[in-house]
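So the structure is just underneath, and the comments pick up after that.
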Amino acid sequence: MFKKATLIVVIFTAMILAYAATQPDTFRIERSININASPERIFPHINDFHQWEAWSPWEKIDTEIQRNYRGTESGKGAIYEWQGNKDIGQGRMEIIQSIPPANLVIALHFMEPFEAQNTVEFILQNRDNTTTVTQAMYGSSPFISKLMGLFFNMDKMVGEKYEEGLASLKAIVEK
870 MFKKATLIVV
880 IFTAMILAYA
890 ATQPDTFRIE
900 RSININASPE
910 RIFPHINDFH
920 QWEAWSPWEK
930 IDTEIQRNYR
940 GTESGKGAIY
950 EWQGNKDIGQ
960 GRMEIIQSIP
970 PANLVIALHF
980 MEPFEAQNTV
990 EFILQNRDNT
1000 TTVTQAMYGS
1010 SPFISKLMGL
1020 FFNMDKMVGE
1030 KYEEGLASLK
1040 AIVEK
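Residue numbers for the sequence shown follow this note's numbering, so the first one is 870 and each next one is one higher.
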C-alpha cells in the first residue's frame, strides 16, 4: 500500500513538473489607464523615482522601506534601490531609456525574496484630450517561475498592483 501511494505521488509530481516545463519561456503583464492630461504633465511623475513614493502601491506595503537613489536625478541613468520587509524584498531599478514624453524603459532586478531580472516599460499615447498610459513588465520565465505560475497567478497579482498604481497616478495628475 505504501509503495502504491509513493508511486502515485511520484507520478503526480512528475506530471506537474512536465506540465510546468511546457509553459511559455517569456511573460508579459500589462495594464493601461486613460488620464485626462497631456503626456507632458504625466511623464515627470514616472521619469523621476523620487516621485514614485506618491503613486506606487509598492511604496505603501512597507512603511519602513530603506531607499537609495543614485545616478542621475531623473531620466536615463537614474537608479532606485530598496531594501524592505519580507513582503517587498530587495531590488534595484534603473532607467535605461527615457524618451519624453512618450516612453520609459526600466531594468528591474529583484534580489529578494527571489532573484529575477525583468523589464518595465511605460508608454504614453496622446488621444484627443486624454493620454493612455500603459505599464508593462516582461521578461524570461525560468523553470521555477513556470512552476510557481501553476499555483500563483502572477498576472493577477502584479496586474492588480499596476491598476492601483495607475489609478493613483491618474488621481495625482488630474488634481
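Yeah, the Cβ is synthetic: ideal placement off N, Cα and C, and Gly gets one too.
DSSP three-state assignment for residue i, whether helix, strand or coil
i	result
Y972	What sits at residue 972 in the sequence shown is Asn, not Tyr. N972: strand per DSSP, three-state reduction.
L993	strand
S907	coil
G1008	strand
S1014	helix
N1022	coil
F1047	With the chain running from 870 to 1044 in the structure shown, residue 1047 is simply not present.
I965	strand
Q920	helix
T1000	strand
S943	coil
T932	coil
T891	coil
I902	strand
G953	coil
G958	coil
Contact under 8 Å by Cβ, residue i with residue j
i	j	result
N995	P908	yes
S1009	T895	yes
E963	A976	yes
R936	I948	no
Q890	F1012	First, the amino acid is wrong: residue 890 is Ala here, not Gln. Against a cut-off of 8 Å, the Cβ pair of F1012 and A890 comes out as a contact.
Closest residue to residue i among the options (Cα-Cα distance)
i	options	result
G944	P913, I957 and A889	P913
T941	G958, Q966, I957 and G953	Q966
I934	Q952, I992, H919 and E1032	Q952
A923	S1037, N937 and K872	S1037
Q959	A971, I975 and E981	E981
R961	T988, L1035 and T882	T988
M1070	Y1007, M870 and F983	Residue 1070 is absent from the structure shown; the chain starts at 870 and stops at 1044.
K1030	A1040, H978, I930 and G946	I930
Y1007	E1032, G1034 and V974	V974
K1044	A1005, I885, A906 and F881	A906
Spatial neighbours of residue i in its chain, beta-carbon cut-off 6 Å, leaving aside the 5 residues before and after
i	result
N903	T999 and T1001
Q986	H978
Close Cβ partners of residue i (< 8 Å) along its chain, the five nearest in sequence each way excluded
i	result
I911	I904, P970, L993, T1000, V1002, L1038 and V1042
Y888	L1019
N972	Q966, E990, F991, I992 and L993
Neighbour flag for residue i against chain B, beta carbons, 8 Å
i	result
L876	Absence of chain B from the displayed structure is noted, only one protein chain being present.
Integer-rounded CB distance, given that residue j should sit under 8 Å from residue i
i	j	result
W927	I957	6 Å
V1027	I898	5 Å
Residues of its chain near residue i, where Cβ-Cβ distance is below 7 Å and the 5 sequence neighbours each way are ignored
i	result
S901	T1001, V1002 and T1003
G946	G940 and I964
L1035	R900, I902, V1002 and Q1004
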